[in-house]
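Comments concern the structure below.
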Amino acid sequence: MPTPSEPEIQNNISLRQYNTLGFEQLAQHYTEAYCVEQIKAALELARKKNWIVFVLGGGSNIVLSRDIPGLTIRLCSSTIDWNETADGWQVTVDAGTNWHQLVMQCTDKGAFGLENLALIPGTAGAAPIQNIGAYGVELADSFDSLQALEIDSGSEVTLTRDDCKFGYRDSIFKTTAKNRYVITRVRLNLDKTLQPQTGYRALQDELHSRGVNHPTALDIVNTVCHVRQSKLPDPAAIGNAGSFFKNPVVPDRLLEHIRRTHPSAPVYQQADGNTKIAAGWLIETAGWKGHQRGAVGVHDKQALVLTHRGGSDATELLKLAEDIRQSVQQKFSITLEQEPQTI
Ligand code: EPU
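All residue numbers for the sequence shown refer to our numbering, where the first residue is 282 and numbers rise by one.
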């Protein structure tokens, strides 16, 4: 095995183009890794230099609130391996693969299960961290396992679905294993037979208005893209990190009260017996939809999305988020939990 060459390190690099909120923060040291060997070499260098490590994927679910000390490693590897089985496809994908491109390639190939997750920004390696989800489907539904490198030791591990402890926008990578691993490859089990998941209201309505009764995978992908584009700002045009808050679980007593005063409040019964309420609705009803405060604001088509139009920083955005949280707390006695991770 050839020794990997020394990683190419750049110093004081702006991360503005590497986070979808577009915040101008610097990485003290920065490198890009195009294969697992390069990730290993970067980790080894960081250990030697005693640099702390920050791993960057698509930067679409983080709020960069400071310059990043130590070594930032941006994952750029993007190989996809296809393994055909009797009734499906086992797809193993490098962490740096663009998520939407993966969804499109799977759709082309007849490897089904990811259609509803089309157009989610970010990389395949970041997908397990928050267990990405949309329109009634989440990554955990097709996840098999992942490979990762432990940052401190450099040792390779394989983690199964059980190991990852997926929850709603949650996994061990946000909790007990936070900052412990670099995810290098993700393995998914996909079907050869399409099982359309079109129960989500917005998706159902759009398919209906298109006159599509028996959708193909591409019909679903195209419809999901259309629904997303009509509500969510394109990060390339307006800085954002998708939903800024999770949809909160509401205790029964509070739910009864809200339903009395707002009978049309959108609520979702969960399999575990809990009820969730749409955070976007709470924020809109508290009067924040479309609110603009300098360069930061609340998206005018989906109040769950906070935006940054350039020239500001995380302090302003986090202040707006805090004001929204307090206002929702005051009006509904519900505490909103932030979804993207503040770095
Ligand atoms: N709503 C409002 N006002 C708003 C926004 C939403 O009243 O400003 C209402 C809608 O009318 C609807 C309900 O709230 O009745 C739900 O809205 P939507 O379908 O847009 O979904 P969401 O619950 O707001 C979640 C995810 C999104 C995902 C969509 C579709 C979370 C935190 N967000 O949003 O995920 O795309 O469902 O599945 O669970 C993301 O994670 O970044 C993300 C965009």
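Quick reminder that beta carbons are idealized off the backbone N, C-alpha and C, glycines included. Treat the numbers as computed from the prediction; the structure is a model and nothing was measured.
So the beta strand (DSSP E) residue i belongs to, where does it begin and stop?
i, result
"histidine 589", "586 to 589"
"cysteine 425", "What sits at residue 425 in the sequence shown is aspartate, not cysteine. That run of the beta strand (DSSP E) goes 424 to 431."
"glutamine 550", "548 to 550"
"leucine 326", "No beta strand (DSSP E) contains leucine 326, which is instead part of the alpha helix (DSSP H) from 317 to 330."
"threonine 388", "That residue, threonine 388, is in no beta strand (DSSP E); its alpha helix (DSSP H) goes 380 to 390."
"phenylalanine 335", "334 to 337"
What does DSSP give as the partner residue(s) for residue i in the beta ladder?
i, result
"lysine 612", "BP columns for lysine 612 are empty, so no partner."
"phenylalanine 526", "Gln619"
"leucine 248", "Nothing can be reported for residue 248, as the shown portion of the chain is limited to 282 through 624."
"valine 493", "Paired residues: none, contrary to the question."
"glutamate 419", "Gly414"
"alanine 308", "Ile294 and Ile349"
"tyrosine 462", "Glu431"
"asparagine 521", "Thr588"
"glycine 578", "Gln573 and Thr588"
"alanine 314", "Leu356"
"isoleucine 343", "Gln622"
"arginine 448", "Looking at the sequence itself, residue 448 is glycine, so the reference to arginine does not match. Answer by DSSP bridge pairing, in chain order: Asp451."
"aspartate 375", "Arg466"
"threonine 596", "Answer is none; threonine 596 lacks a bridge partner."
Throw me the rounded Cβ distance for the residue i and residue j pair, which I believe falls under 8 Å.
i, j, result
"valine 246", "isoleucine 558", "Outside the displayed span of the chain (282 to 624) sits residue 246, for which this structure offers no information."
"leucine 302", "alanine 522", "5 Å"
"tryptophan 569", "serine 608", "7 Å"
"alanine 706", "phenylalanine 304", "Nothing about residue 706 can be read from this structure; the chain reaches only from 282 to 624."
"leucine 471", "phenylalanine 526", "Contact flag wrong, Cβ pair sits at about 31 Å."
"tyrosine 462", "leucine 430", "7 Å"
"asparagine 397", "valine 505", "6 Å"
"serine 426", "threonine 439", "6 Å"
"arginine 442", "isoleucine 519", "With 8 Å as the limit, arginine 442 and isoleucine 519 do not qualify as a contact, their Cβ atoms being about 35 Å apart."
"threonine 556", "valine 548", "5 Å"
"isoleucine 343", "isoleucine 624", "5 Å"
"alanine 421", "phenylalanine 447", "4 Å"
"arginine 347", "glutamine 298", "Going by Cβ atoms, the distance from arginine 347 to glutamine 298 rounds to 18 Å, so no, they are not a contact pair."
"isoleucine 615", "proline 544", "With a Cβ gap of about 17 Å, isoleucine 615 and proline 544 do not count as contacting."
"leucine 345", "leucine 383", "That belief does not hold up - the Cβ atoms of leucine 345 and leucine 383 are roughly 25 Å apart, past 8 Å."
"glutamine 309", "proline 350", "5 Å"
"isoleucine 361", "histidine 381", "Not quite, the Cβ-Cβ distance comes to about 13 Å (not below 8 Å), so this is no contact."
Taking the continuous alpha helix (DSSP H) assigned at residue i, which residues delimit it?
i, result
"serine 295", "It is not in any alpha helix (DSSP H) - serine 295 instead sits in the beta strand (DSSP E) that spans 291 to 295."
"aspartate 362", "Careful: aspartate 362 lies outside any alpha helix (DSSP H), inside the beta strand (DSSP E) at 361 to 365."
"leucine 302", "Taken as a continuous stretch (DSSP letters only), leucine 302 belongs to no alpha helix (DSSP H), as it is neither H nor E."
"threonine 439", "It is not in any alpha helix (DSSP H) - threonine 439 instead sits in the beta strand (DSSP E) that spans 437 to 441."
"leucine 499", "498 to 512"
### Message
Three Cβ pairs or more, each shorter than 8 Å: is that satisfied between the stretch 466 to 475 and the stretch 361 to 377?
### Response
yes
### At least 3 beta-carbon pairs within less than 8 Å: the stretch 401 to 415 vs the stretch 329 to 349
yes
### Query
Taking one C-beta from the stretch 348 to 355 and one from the stretch 314 to 332 each time, how about it: are there three or more such pairs within less than 8 Å?
yes
#### Entry: Sufficient close CB pairs (3 or more, under 8 Å) joining the stretch 477 to 494 to the stretch 445 to 459
no
#### Entry: Any 3 or more C-beta pairs closer than 8 Å across the stretch 506 to 516 and the stretch 578 to 585
yes
### Task
Count the CB pairs spanning the stretch 284 to 293 and the stretch 310 to 326 that are closer than 8 Å, and state whether there are at least three.
yes
### Query
Which whole runs of the alpha helix (DSSP H) in the stretch 531 to 570 are 4 residues long or more, in chain order?
533 to 542 and 560 to 566
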